[in-house]
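In this note's numbering, the protein residues as written are 1349 to 1469.
Just so it is clear, CB atoms sit at the ideal spot from N, CA and C, and this is done for glycine as well.
Notes follow the structure.
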DNA sequence: TAGGTGACGGACC
DNA sequence: CGGTCCGCCACCT
C-alpha cells in the first residue's frame, strides 16, 4: 500500500491510534469504558487525553464503538466543538439501553467494563 | 519559538 | 454536587 516514508522523528509509541481502536473495539455492546481505562489497556497510562484526541479524529460514521468511551466522571463531554458528535454519542448509548441524562450524565459504575468483581447488579 | 486549547483525571473547596 | 486548580501531552495559531 502507499507506504509513507517514516519521518526521522518517529514517536516512542508507534501505532497509538491503532492500539486505541483495538481496545475500543473490545468494549462489549451495552457497556462503558473510560478514556483513562483505554489508555491503561494499551499500556499508555496517563494518556487519557491522547485517547480523546484519537477518537476525535475518527471519521463518522465509524464501525468502531467509540460512543462507549466516556470520561471518569461518568459523563459525555458535551461541547460545541464536537459539532453534534456528543449528541450522537448520547443517542447511540440510549439505543444500547444505557440511560443518559440530558447533560450527558450516565450510570458509569452500573455499565462499567470490565465488570467490577465486588459489586453485584 | 511561545502561548492557548482540549471527546482527560485527580485533588481541593 | 458544582466550581476551581494543577498535571499531562498533542494540536493549532
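Checklist line | Per-residue burial, residue 1420 [other beta carbons within 10 Å of its own, 16 or more giving buried] | finding: exposed
Margin query: Tell me the residue span of the alpha helix (DSSP H) that contains residue 1371.
Written below: 1364 to 1373
Margin query: Taking 8 Å as the limit between beta carbons, can you name the residues of its chain near residue 1454, skipping five residues before and five after?
Written below: 1380, 1418, 1422, 1423, 1424, 1441, 1446, 1447, 1448
Check: By DSSP, does residue 1418 sit in helix, in strand, or in coil?
Finding: Three-state result, residue 1418: strand.
Note to self: In the DSSP assignment, the alpha helix (DSSP H) including residue 1431 goes from what residue to what residue?
What the structure shows: That residue, residue 1431, is in no alpha helix (DSSP H); it is neither H nor E in DSSP.
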